[in-house]
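All residue numbers for the sequence shown refer to my numbering, where the first residue is 76 and numbers rise by one. Ideal placement from N, C-alpha and C gives every residue a C-beta, glycine not left out. Below is one structure; the comments refer to it alone.
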Amino acid sequence: MKNRASIGVLVVLGAAALGWSASAAGAFQDAAQPSGRVLIAPMHDGVRVLRAADPDALTSDATPEDSGQAVVALHARVIVRAADVVPLALALSARPGPPLKAEPAEPTGAALRGFWIVECASVADACALAAAMREVPGVDEAYIDATRPLHTRSNLPTDPGFAQQWHLHNLTNFLFDANLAPAWKAGYTGAGITVGVVEFGWNTAHPDLADKYHADASQTPAGTQEHGTSVAGVIGMIANNGIGGAGAAFDAMLSRMYIGSDAATAAALAFRNDLNDVKNNSWGPADNARISTMPSITAQAIADGATMGRDGRGTVFVWAGGNGGQANDRVDYDPYASNRHVIAVGAIDSLDRRSLYSEPGSALMLVTQSDYDINTSGDVGIYTTSGASGYTANFGGSSSAAPLASGVVAVLLHARPELTARDVQHVLIRSARRCRPADESWMTNGSGRWISEVFGFGAIDAGAAVSQALAWQPIGPEVTHDTGLVAVNATIPDNNPTGLTSTVEVGPNIRIERVQLVLNAPHASLGQLRVSIVSPLGTESLFANTRTDTTSGYTNYVFTSVRHWDEAAAGTWTLRIADNVAGTTGTLQSWGLRIYGSEFDCPCDWDTNGSRTVADIFAFLNSWFAGDADFDGNGSTEVADIFAFLSCWFSPVCP
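Structure follows, in structure tokens:
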């Protein structure tokens, strides 16, 4: 809160000469002043008044001369403090002119007892009356009523379209938004962070975006597209400028890069990752439930950016999870959104429901707010920038969910710029809100972490994520393990849901972040196959389900899962592959796993003696009663930490 004594306040009145001077007690007296604007001595609390001629010309929205000063409006009424109204009433009745009457400040009850309001014909009359009433015996105070610069403490944007931005601040279903208000209130708005919009271009001249354009972080080809302009607005629309709405990270800068050919797309993803902290990608292959592949040059660009960008901390790549949910498409069929270096984002609506189009998948990490059905014109969409200078309230799809996530990442990096790209993922996962908790897709993985095929780890919660980020201890260096290919060379039984199983042993006890399946399985029609892996702790990652896809054969195809996050890798892993449609057969030639994570430190080993024993429970409870047992990492010690600890202790997550 600002110190009031340091605030200069201007009262803008008119043009010629009726001024005030202040007594030592801070009370105003009539005094001759030269015409023009004159600063008068403080009234009280450091308030200074600028006087000019016509007191009735006062407007509360007058423009201050000095941008460092605010405007206060004076009213044609006097506030009087007097224990007894009789002397005040007698003094008022004795004054010349129209009769004046003192009314109780709060006439309906005992509140404000001893305060009286006197309405005057003008501000000038009020000035004179206040001076006169201060001389009346029995009157303790008399001063002019004023409207001072006051602001709510919510730190919410004041833009006219902000009321429509339910995804930022949901007034109807208050739990179902990205919860940015606490982050903004804490002062984290994306300042100093640049988010790249990787698209076919966006309108850098839009009045709600132009001042956010970071030319040095942008590729030079000129080009704009409606889609990209809307994406940019969701991320960084300017706040508090009197037009449109606000972006999730309204103080972040925005850049633009252009996708196109394989080489052009790779160049966009690799461009100036020293300047681009986050890169949003609201694009991908067709949402047709068919397997796609990614060129090696594109994969390398993402890997380099995620590991070497931002001076080695890694540029954070955010990807739309796709809009093919109603066509049996999965994030897993999209090699861009399921890349192990990116954050795949699905969509939920204003009622916290999974958006109809949002794709499920083992690679789906998180969800954020968007519309419910991209095919319904009356749906509640996202308010953002559009065209040359306009706005739309109907933006949607995972194309809108991804930039909301990118904006939240920018807010996180404003709070903790030293976070690595992997740290950001850990923070978002640990702080996510479990939307629709009764949904049957929710389960706990082997580490006790809630995970859903349709919601990932849950809805991004910006306020919780910032709290988590501020307390976050950086994750250690990435550790990897590759099992190599396991030769099987067995026929996959036709039209048999039992199918084939094959196992592989993993020795290193890595704390998992992602697991990749490398699969070689020639088949005439991949849409007939169901493919999954099961971890030693029993968590299944479904990668492919029965659908219409006549593509032939998996050849060194890579599927990626986040569903085993924080599980221990050591033990027996199982591949399950089944042909669920009659007519064609195939072969499971070989498969292998690549596991990515960090060195394992057992969170249940509370006394750090190297083993998990009953003594750890007592050690944890001692810490809990001392208020130092934030096991779930949400920034506070709560009853939930006990359940989280016991869930971990009873599970085989630790050796």
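Going by DSSP, name the residue or residues bridged to A177.
-> Walking along the sequence shown from the start, residue 177 turns up at place 102. DSSP lists V193 as partners of A177.
Identify the continuous beta strand (DSSP E) that holds M817 and give its terminal residues.
-> The displayed coordinates of the chain run from 76 to 730. Any statement about residue 817 would go beyond what the structure contains.
Have a look at N398, T340, A361 and A402 and flag the residue whose alpha-carbon is nearest the alpha-carbon of I372.
-> Here residue 372 corresponds to residue number 297 of the sequence shown, with the count starting at 1. Checking every option, the nearest Cα to that of I372 belongs to T340.
Reducing DSSP to helix, strand and coil, say where S110 ends up.
-> Along the sequence shown, one-based indexing puts residue 110 at 35. Note that S110 scores 27 on pLDDT, short of 50, meaning its location in the model is unreliable and no value can be drawn from it.
Three-state secondary structure (DSSP) at L545?
-> Locating residue 545 in the sequence shown gives position 470, where the first residue counts as 1. Under the three-state reduction of DSSP, L545 is assigned to helix.
If you draw a straight line from the C-alpha of R126 to the C-alpha of I192, how long is it?
-> In the sequence shown, counting from the first residue as 1, residue 126 sits at position 51. In the sequence shown, counting from the first residue as 1, residue 192 sits at position 117. Only weak support is given to the placement of R126: the predicted model assigns it a pLDDT of 37, under 50, and the value that follows is read from those uncertain coordinates. Taking C-alpha positions only, R126 is separated from I192 by approximately 24 Å.
Would you check if the region 682 to 702 and the region 622 to 634 touch, i.e. whether three or more CB-CB distances between them fall below 8 Å?
-> The region 622 to 634, when compared against the region 682 to 702, does not touch it at the 8 Å Cβ threshold.
Delimiting residues of the alpha helix (DSSP H) encompassing H639 = Locating residue 639 in the sequence shown gives position 564, counting from the first residue. Neither: H639 is in no alpha helix (DSSP H) and is coded neither H nor E.
Measure the C-alpha to C-alpha separation of A145 and F470 and round it to an integer number of angstroms.
-> The sequence position of residue 145 within the sequence shown is 70, counting from 1. The sequence position of residue 470 within the sequence shown is 395, counting from 1. Annotation note: pLDDT 47 at A145 (below 50); position unreliable, no value reported.
Report all residues from its chain with a CB closer than 8 Å to the CB of V563; omit the five preceding and five following residues, and keep chain order.
-> By 1-based counting over the sequence shown, the position of residue 563 is 488. These residues qualify, in order along the chain: L575, S577, L663, Q664, S665 and W666.
Please confirm whether I310 and V273 have their CB atoms less than 8 Å apart.
-> Stepping through the sequence shown from its first residue, residue 310 is reached at position 235. Stepping through the sequence shown from its first residue, residue 273 is reached at position 198. No.
So, helix, strand or coil for A199, using DSSP?
-> As a position in the sequence shown, residue 199 is number 124, starting the count at 1. If DSSP states are grouped into helix, strand and coil, A199 belongs with the helices.
Under a three-way DSSP split, which group does T625 fall into?
-> Translated into the one-based positions of the sequence shown, residue 625 becomes position 550. The answer is coil: DSSP assigns T625 none of H, G, I, E or B.
Given that a residue counts as buried once 16 or more other Cβ atoms are within 10 Å of its Cβ, and exposed if not, what is D386?
-> By one-based count along the sequence shown, residue 386 stands at place 311. Counting Cβ neighbours within 10 Å, D386 comes out exposed, since fewer than 16 surround it.
Counting pairs of Cβ atoms below 8 Å between the region 250 to 262 and the region 299 to 306, do you hit three or more?
-> The region 250 to 262 and the region 299 to 306 do not touch, with fewer than 3 CB-CB distances between them shorter than 8 Å.
Would you mind working out which of F725, I692, F700 and D569 sits nearest L612, comparing C-alpha positions?
-> The residue you call residue 612 lines up with position 537 of the sequence shown. Measuring from the Cα of L612, the nearest candidate turns out to be F725.
Which residues in the same chain as P370 place their Cβ atom closer than 6 Å to its Cβ, once the five residues preceding and following it in sequence are excluded?
-> As a working note, residue 370 is residue 295 in the sequence shown. Taking P370 as the centre and dropping the five residues before and after it, the same chain places the C-beta of D337 closer than 6 Å to its C-beta, in chain order.
When burial is assigned at 16 or more other CB atoms within 10 Å of the CB, is V484 buried or exposed?
-> Start at 1 with the first residue of the sequence shown, and residue 484 comes out as number 409. By the neighbour-count rule (16 or more Cβ atoms within 10 Å), V484 is buried.
So, are the CB atoms of A158 and G189 less than 8 Å apart?
-> Counting from 1 along the sequence shown, the entry for residue 158 is found at position 83. Counting from 1 along the sequence shown, the entry for residue 189 is found at position 114. A158 places its beta carbon less than 8 Å from that of G189.
6 Å Cβ shell around S293 - same chain, five flanking residues per side excluded = Within the sequence shown, numbered from 1, the residue matching residue 293 stands at position 218. S330 and R331, listed in sequence order.
Straight-line CA distance for S698 to G708?
-> The residue given as residue 698 occupies position 623 in the sequence shown. The residue given as residue 708 occupies position 633 in the sequence shown. C-alpha separation (whole angstroms): 14 Å.
Through-space distance from G602 to N620, alpha-carbon basis | The count along the sequence shown starts at 1 and reaches residue 620 at position 545. The count along the sequence shown starts at 1 and reaches residue 602 at position 527. Distance from the CA atom of N620 to the CA atom of G602, rounded to whole angstroms, is 7 Å.
Where P410 falls, given that 16 or more other Cβ within 10 Å makes a residue buried | On the sequence shown, position 335 is the one that residue 410 refers to. Residue burial is scored here from C-beta neighbours: P410 has at least 16 other C-beta atoms within 10 angstroms and is therefore classed as buried.
Just tell me which of I366, W241, K354 and R497 has its CA closest to the CA of T672.
-> What you label residue 672 is simply residue 597 of the sequence shown in a count that begins at 1. Here the sequence assigns Gly to residue 672, which means Thr is not the residue at that position. Distances from the CA of G672 to each of I366, W241, K354 and R497 were compared; the closest alpha carbon is that of R497.
Skipping 5 residues on each side, what residues in its chain have a beta carbon closer than 6 Å to that of A102?
-> Residue numbering aside, residue 102 sits at position 27 when the sequence shown is read from its first letter. Any reading at A102 needs caution, since the residue's pLDDT is 34, under 50, leaving its predicted position unreliable; the model's value is listed next. If we look at A102 and ignore the five residues flanking it on each side, its Cβ neighbours are R209.
Which class does R428 belong to by DSSP, given the choice of helix, strand or coil?
-> Locating residue 428 in the sequence shown gives position 353, where the first residue counts as 1. In the structure shown, R428 sits in coil (DSSP, three-state: anything other than H, G, I, E or B).
Where do the ends of the alpha helix (DSSP H) carrying P162 lie?
-> On the sequence shown, position 87 is the one that residue 162 refers to. V160 to A169 is the extent of the alpha helix (DSSP H) around P162.
Could you tell me which of S433, F675 and N355 sits nearest to G472, measuring between CA atoms?
-> Against the sequence shown, residue 472 aligns to sequence position 397. The shortest C-alpha separation from G472 is found at S433.
Which of helix, strand or coil DSSP assigns to S475 = The residue labelled residue 475 in the question sits at position 400 within the sequence shown. Residue state, collapsed to three classes: helix.
From D362 to F700, what distance separates their C-alpha atoms?
-> Start at 1 with the first residue of the sequence shown, and residue 362 comes out as number 287. Start at 1 with the first residue of the sequence shown, and residue 700 comes out as number 625. C-alpha of D362 to C-alpha of F700: approximately 52 Å in a straight line.
Roughly how many angstroms lie between the CA atoms of F618 and G389, to the nearest whole one?
-> Looking up residue 618 in the sequence shown gives position 543. Looking up residue 389 in the sequence shown gives position 314. Between F618 and G389, the C-alpha separation is close to 27 Å.
Kindly say whether D424, judged by its beta-carbon, lies nearer than 8 Å to any beta-carbon of chain B.
-> The displayed structure is made up of one protein chain only, and chain B is not part of it.
Neighbourhood of S722 by C-beta distance below 8 Å, restricted to the same chain and skipping five residues each side = Indexing the sequence shown from 1 puts residue 722 at position 647. Answer for S722: T519 and G523, listed in chain order.
Reduced DSSP secondary structure (H/G/I, E/B, other) of R209 | For this step, residue 209 is matched to residue 134 along the sequence shown. R209 falls in the coil class under three-state DSSP.
How would you call D716, buried or exposed, if buried means at least 16 neighbouring beta carbons within 10 angstroms?
-> On the sequence shown, position 641 is the one that residue 716 refers to. Its Cβ being crowded by 16 or more others within 10 Å, D716 is buried.
Given N595 as reference, the closest of G462, A376 and G628 once Cα atoms are compared = Working through the sequence shown from its first residue, we reach residue 595 at position 520. That would be G628, whose Cα lies nearest to the Cα of N595.
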